[in-house]
Amino acid sequence: MVTKKPKVVIIGAGMAGLTAANKLYTSAGSKEFIELCVVEGGNRIGGRIITSEFVGSRIEMGATWIHGIGGSPVYKIAQEINSLHSEKPWECMDEFLDDPLTIAEGGYHLNSSLVDPICNLFKNLMDFAQGKPNVQFPQSNIGNLSIGSFLRKGLDAYWGSIKEQEETLGFDNCTRKSLEEGIFAMLENTQRTYTSAGDLETLDFNAESEYRMFPGKEITIAKGYSTIVESLASVLPAGMIQLGRKVTKIEWQPDDGENCDVTKPVKIHFCDGSIMYADHVIVTVSLGVLKQGIGDNTGMFSPPLPRFKTEAISRLGFGVVNKLFLQLSPNRDEAMKFPNLQMVFHQSDSKLRHPRIPWWMRRTASLCPIYGTSNVLLSWFAGEEALELESLSDEEIIDGFSTMISNLLENSKNNTHDLCNGHANSAIKFDKVLKTQWGTDPLFLGSYSYVAVGSSGDDLDSMAEPLPKRSNHSFNSPPLQILFAGEATHRTHYSTTHGAYFSGLREANRLLQHYHYIDI
1 MVTKKPKVVI IGAGMAGLTA ANKLYTSAGS KEFIELCVVE GGNRIGGRII TSEFVGSRIE
61 MGATWIHGIG GSPVYKIAQE INSLHSEKPW ECMDEFLDDP LTIAEGGYHL NSSLVDPICN
121 LFKNLMDFAQ GKPNVQFPQS NIGNLSIGSF LRKGLDAYWG SIKEQEETLG FDNCTRKSLE
181 EGIFAMLENT QRTYTSAGDL ETLDFNAESE YRMFPGKEIT IAKGYSTIVE SLASVLPAGM
241 IQLGRKVTKI EWQPDDGENC DVTKPVKIHF CDGSIMYADH VIVTVSLGVL KQGIGDNTGM
301 FSPPLPRFKT EAISRLGFGV VNKLFLQLSP NRDEAMKFPN LQMVFHQSDS KLRHPRIPWW
361 MRRTASLCPI YGTSNVLLSW FAGEEALELE SLSDEEIIDG FSTMISNLLE NSKNNTHDLC
421 NGHANSAIKF DKVLKTQWGT DPLFLGSYSY VAVGSSGDDL DSMAEPLPKR SNHSFNSPPL
481 QILFAGEATH RTHYSTTHGA YFSGLREANR LLQHYHYIDI
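Just so it is clear: in the sequence shown, position 516 is 516 by full-length UniProt numbering, and no numbers are missing.
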């Protein structure tokens with residue numbers, strides 16, 4: 001029999017926090033016996049989910065895709081709340097864009113006979129790394145490689161198996177091998193945005209096969225990803241979610257047998273100087289914020305987190321991925337449809353590099369309309385280039401893209417058909433830009449997690465371990481004082497919204513089981 005009404009404070013109103021709150025509040029009988037509060041440092045709910053609008057189209061500034069509809073809880077919610085259909089155009093509303101048009105720096109159209117073998121090679125290598133069945137790779141001693149090293153070994157093996165790599169193709173004396181390397185680098189850059197690893201040499205090979213995807217197609221949400229978190233929050237009473245409440249310190253009571261207050265063992269400090277006491281705190285802040293929290297002199301936790309927890313936080317990777325939206329000038333010929341453009345740049349040691357194409361654009365793989373007839377284009381950035389993008393003015397971004405487009409499209413050469421339905425013969429101009437800035441946002445300090453070289457899935461499990469550690473707590477130390485949720489706490493679905501959702505359910509169920517409200 002519960003003799004007191006325990007207070008649960010959830011830090012963060014993103015997917016994990018709102019899922020936990022929804023579960024705790026709606027579970028039979030629990031709301032009469034648990035005092036629940038969600039505190040959010042920002043001025044909105046959603047965390048790394050934020051649907052917005054740009055020149056008349058619905059876009060996603062954060063989470064964009066439902067990664068496989070088979071078994072996805074996000075897809076199930078979207079179906080239930082009728083968010084999969086909309087009269088308003090939305091990002092990636094077309095199931096398929098046109099086939100990509102691959103252009104190399106200097107304006108050379110690369111045909112499928114050059115592009116497809118490298119694309120197939122890259123896909124087979126990633127399928128092998130991800131442990132997909134019936135995929136073989138001739139190298140047996142992989143060892144503790146990074147994904148980056150593995151991919152490059154695969155490319156070298158491919159080159160070793162064929163001849164005439166130094167064949168000159170007539171593209172400013174480009175060799176086939178140099179163009180193949182550029183195509184391969186383009187695919188690597190796409191993989192950087194998938195994983196948030198700014199350098200694939202830091203992405204662990206062995207952990208890649210533990211990552212799990214849902215079956216079925218990947219889709220976007222017509223009415224916006226924000227409708228998912230809004231639905232989760234809609235059952236909570238007014239006032240339960242407190243916005244603008246940034247936490248500065250969490251005091252807790254480890255199992256040291258001294259000075260333990262068994263009434264409300266956790267003390268939460270806020271930036272405005274206020275204090276809140278709780279029996280249980282579910283921390284759902286990003287891994288980036290946790291990394292900063294254990295590195296600050298002040299420290300987010302007092303006493304500091306135990307070594308197993310801080311080592312996991314330190315070893316795991318947390319990268320930056322940003323999206324850039326550009327509006328094509330409305331003065332252009334409306335009949336000219338912008339292509340689904342794949343961009344191949346010369347490598348750093350090439351004398352053929354265009355000096356005015358800025359460095360921050362050279363690891364961007366694509367530029368394409370957000371849907372087939374849209375005048376809004378989308379490009380993805382990762383790593384150092386994503387951080388640089390955040391610091392640039394709109395004018396600098398437009399100038400960089402104008403230079404690049406001029407080099408790739410308007411100076412197109414050796415093409416056998418009317419490039420871009422006429423774009424090659426008319427100036428392409430941009431009017432507006434909109435960019436995300438996840439790297440410098442103090443509430444996130446990055447985009448999503450990855451398993452870095454030197455870490456493993458065990459570190460993700462350590463991230464999920466509540467404090468005090470179950471094997472250690474005694475009568476003097478109340479259990480489950482600090483619980484952890486968020487995408488970086490899920491071993492097989494890290495980096496995803498559904499991983500965050502599952503983690504929120506996990507921690508809510510942990511508390512419900514602790515108080516015997518459910519059997520799991």
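Quick reminder that beta carbons are idealized off the backbone N, C-alpha and C, glycines included.
Under a three-way DSSP split, which group does residue i fall into?
i	result
G504	helix
L290	helix
H514	helix
residue 579	The requested residue 579 is not part of the displayed model; the chain covers only 1 to 520.
S314	helix
N322	strand
Y75	helix
A63	coil
A485	coil
K435	strand
L187	helix
L200	helix
S86	coil
M300	coil
M93	coil
M361	helix
Along the chain, where does the beta strand (DSSP E) containing residue i start, and where does it finish?
i	result
P369	366-369
T51	51-54
R48	Note, R48: premise wrong, no beta strand (DSSP E); not H, not E.
H493	Here H493 belongs to no beta strand (DSSP E), and DSSP marks it neither H nor E.
V9	7-11
V283	280-283
Y450	448-450
Which residues bound the alpha helix (DSSP H) around residue i?
i	result
T19	15-26
K123	112-129
S30	30-33
S161	147-161
S462	457-464
Run the CB neighbour count on residue i, radius 10 Å, all protein chains shown included, and call it buried at 16 or more, exposed below.
i	result
H280	buried
C368	buried
N134	exposed
Q191	buried
I162	exposed
A427	exposed
N120	exposed
H514	exposed
H423	Because H423 carries a pLDDT of 38, less than 50, the predicted location of this residue cannot be relied on, and no value is offered for it.
L419	With a pLDDT of 38 at L419, under the threshold of 50, the modelled position of this residue cannot be trusted, and the question is left open.
H417	Caution is warranted here: a pLDDT of 37 is assigned to H417, below 50, making its placement in the model unreliable, and the coordinate value is therefore given only provisionally. So H417 ends up on the exposed side.
D459	buried
V235	exposed
P304	exposed
I228	buried
A382	buried
T440	exposed
H85	exposed
P339	buried
Looking only at DSSP bridge pairs, what is residue i linked to?
i	result
Y194	DSSP, once it has assigned bridges, lists no residue as partnering Y194.
F430	L328
S57	F54
Q342	T102, S366
L36	V8
I219	I66
L467	I482
Y277	K267
* In chain order, which continuous runs of the alpha helix (DSSP H) of length 4 or greater are located wholly inside the stretch 221-274? -> Entirely contained in the stretch 221-274, the alpha helix (DSSP H) runs reaching 4 residues are, in chain order, 226-233.
* Give, in chain order, every unbroken run of the beta strand (DSSP E) that is at least 3 residues long and sits entirely within the stretch 373-412. => Correct list: 376-382.
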